[in-house]
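Take a look at the structure set out below.
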Amino acid sequence: MIGRALVARLRERGDHVLVLVRRETEAAEERRWDPSTGYLDPAAFAGADAVVNLSGASIAKLPWTRRHRHDILSSRVQATTAIVGALHARADAGEPVGVLVSGSAVGVYGTRPGEELTEESAPGGGFLAEVVRAWEAAALAAPASTRVALARTGLVIGPEGAAAPLRVLARLGVAGPVGGGRQQWPWISLDDEVRALVHLIDAELTGPVNLAGPEPATAGRVVRAIAADAHRPYWLPAPGFAISGALGEAGRELLLADQCVRPAALTASGFVFRHVTVEDAVAASPR
Numbered sequence: 018m019i020g021r022a023l024v025a026r027l028r029e030r031g032d033h034v035l036v037l038v039r040r041e042t043e044a045a046e047e048r049r050w051d052p053s054t055g056y057l058d059p060a061a062f063a064g065a066d067a068v069v070n071l072s073g074a075s076i077a078k079l080p081w082t083r084r085h086r087h088d089i090l091s092s093r094v095q096a097t098t099a100i101v102g103a104l105h106a107r108a109d110a111g112e113p114v115g116v117l118v119s120g121s122a123v124g125v126y127g128t129r130p131g132e133e134l135t136e137e138s139a140p141g142g143g144f145l146a147e148v149v150r151a152w153e154a155a156a157l158a159a160p161a162s163t164r165v166a167l168a169r170t171g172l173v174i175g176p177e178g179a180a181a182p183l184r185v186l187a188r189l190g191v192a193g194p195v196g197g198g199r200q201q202w203p204w205i206s207l208d209d210e211v212r213a214l215v216h217l218i219d220a221e222l223t224g225p226v227n228l229a230g231p232e233p234a235t236a237g238r239v240v241r242a243i244a245a246d247a248h249r250p251y252w253l254p255a256p257g258f259a260i261s262g263a264l265g266e267a268g269r270e271l272l273l274a275d276q277c278v279r280p281a282a283l284t285a286s287g288f289v290f291r292h293v294t295v296e297d298a299v300a301a302s303p304r
């Protein structure tokens, strides 16, 4: 979802975008790779000003079986390692790529009730925090000639991804408080997510950058906004014990985690959000 929207935005502004695909190529602007084996021809990056890596198995796919936990971690590390290897090859050939914008996630902070979290905050605990630390470490192994920005993204309000199940519940008329609804959920509109990624390509930002909306919102406020947008009631609670019992670690880390994440580095660099509140983001989201 994010990648397609980003490619469209970059092409709209006149950039020439090449896309890495795992299948046989079907268009002149596609290049084949296989991150599971580390295959990526460094020639794919010839002449590139920037590389954006958003690859990784979905964390919204449930349940988190042992196999899927492995896929969540390995898909991110393998893809990033393949890209970094190709970047080193370009640098060794005297043709370094200037920027790597590498996907990351607010999951690195773990659950931190009552704490404001910025890029200066220490990592937390939990499976997702472990995944993000390994993911970011793989990106930071890029050559010194490549600026690396780590896009620590929250819940993206769009038609797919983690917000999609919430929209389904709202349309069915069974939306309500999730785990009490008082925990903070870092959110960002799809439009601002894409604009922020473009900003990371252009601006001189290095290291972790939180991609989360400027006005914090509780889980209850997020789900209520989605229900209101669907003109459906907000009434049926999903208790924390039920979420934990049904989804285990995935439920605790995705739905019950409490994270008040601030986009400190992004705003300090001059980025201006179009969607300041979660209500704005939901109203602007493609259906």
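Residues 18 to 304 in the working numbering are what the sequence shown spells out, letter by letter.
Every residue, glycine too, gets a C-beta built ideally from N, C-alpha and C.
Quick caveat: nothing in here was measured; it's all calculated off a predicted structure.
Whole-Å CB distance - residue i paired with residue j, under 8 Å assumed
i: VAL191; j: PRO231; result: The Cβ separation is near 30 Å, so there is no contact.
i: VAL118; j: LEU217; result: 5 Å
i: THR54; j: LEU104; result: Between LEU104 and THR54 the Cβ distance is about 18 Å, and since that is not below 8 Å, they are no contact.
i: GLY265; j: TRP81; result: 7 Å
i: THR170; j: ALA122; result: 6 Å
i: VAL116; j: ASP66; result: 7 Å
i: SER92; j: ALA77; result: SER92 to ALA77, Cβ: 14 Å. No contact.
i: PHE288; j: ALA168; result: 12 Å between Cβ atoms; not a contact.
i: VAL215; j: ARG26; result: 6 Å
i: GLU112; j: ALA146; result: Incorrect: roughly 36 Å between the Cβ atoms, too far for contact.
Beta strand (DSSP E) segment containing residue i, residue limits
i: GLU47; result: 47-51
i: LEU225; result: Reading off the sequence, residue 225 comes out as Pro, not Leu. Unbroken beta strand (DSSP E) run through PRO225: 224-228.
i: ARG164; result: 164-170
i: GLY120; result: 116-122
i: VAL36; result: 36-38
i: VAL69; result: 67-70
C-beta atoms of residue i and residue j nearer than 7 Å
i: ALA247; j: ARG188; result: yes
i: ILE36; j: ARG28; result: A small fix is needed here, since residue 36 is Val in this sequence, not Ile. Not closer than 7 Å, so no.
i: LEU71; j: VAL211; result: no
i: ALA166; j: VAL226; result: yes
i: GLY124; j: MET18; result: no
i: ALA242; j: GLU296; result: yes
i: ALA267; j: LEU79; result: yes
i: ALA236; j: GLY262; result: no
i: ALA108; j: PRO59; result: no
i: TRP202; j: LEU172; result: yes
i: VAL114; j: VAL185; result: no
i: GLY143; j: GLY127; result: yes
i: GLU136; j: ALA281; result: yes
i: LEU272; j: ILE260; result: yes
Proximal residues to residue i (C-beta, below 7 Å), its chain only, five neighbours per side dropped
i: ALA151; result: LEU90 and VAL94
i: ALA154; result: none
i: ARG238; result: VAL295
i: ARG301; result: In the sequence as displayed, the identity of residue 301 is Ala instead of Arg. Contacts found: SER206, ASP208 and HIS292.
i: ARG86; result: PHE144
i: ALA159; result: VAL101, LEU104, LEU117 and VAL165
Where the alpha helix (DSSP H) containing residue i begins and where it ends
i: ARG84; result: 83-109
i: THR284; result: 281-285
i: TRP152; result: 144-156
i: ILE260; result: 257-264
i: ARG241; result: 236-246
i: ARG188; result: 181-188
i: ILE218; result: 207-219
i: VAL299; result: 295-301
i: LEU272; result: Run containing LEU272: none; DSSP gives neither H nor E here.
i: VAL289; result: Careful: VAL289 lies outside any alpha helix (DSSP H) and carries neither H nor E.
i: VAL125; result: Where VAL125 is concerned, there is no enclosing alpha helix (DSSP H), given that its DSSP letter is neither H nor E.
i: VAL24; result: 19-29
Spatial neighbours of residue i in its chain, beta-carbon cut-off 6 Å, leaving aside the 5 residues before and after
i: THR42; result: ARG49
i: SER5; result: No statement about residue 5 is possible, as the shown extent of the chain runs from 18 to 304 and does not include it.
i: ALA244; result: ALA187, ALA192 and TYR251
i: GLU47; result: VAL36 and VAL38
i: ALA255; result: VAL195
i: PHE258; result: none
i: ARG40; result: none
i: PHE290; result: ASP209 and PRO231
i: PRO52; result: GLN95, ALA96 and ALA99
Beta carbon proximity, residue i to chain D, threshold 7 Å
i: VAL34; result: Looking at the structure shown, chain D is missing, and only one protein chain is on hand.
Residue i Cβ short of 6 Å to the ligand ZN heavy atom set
i: MET18; result: The ligand ZN is absent from the structure shown, which contains no ligand whatsoever.
Cβ-based neighbour list, residue i, same chain, cut-off 8 Å, excluding 5 preceding and 5 following
i: ALA61; result: LEU35, LEU37, ARG48, TRP50 and ALA103
i: GLY31; result: none
i: SER138; result: TYR126, ARG129 and GLU132
i: ASP88; result: ALA74
contact_flag[the stretch 174-184, the stretch 199-210] where n(CB pairs < 8 Å) is 3 or more = Between the stretch 174-184 and the stretch 199-210 there are three or more inter-stretch CB-CB distances shorter than 8 Å, so the stretches are counted as touching.
Is there contact here, the stretch 95-114 with the stretch 234-251, by at least three beta-carbon pairs under 8 Å?
-> Flag = no, the stretch 95-114 and the stretch 234-251 do not touch.
Meets three-Cβ-pair contact criterion under 8 Å: the stretch 129-143 and the stretch 276-290 | Contact between the stretch 129-143 and the stretch 276-290 is present, because at least three Cβ pairs lie under 8 Å.
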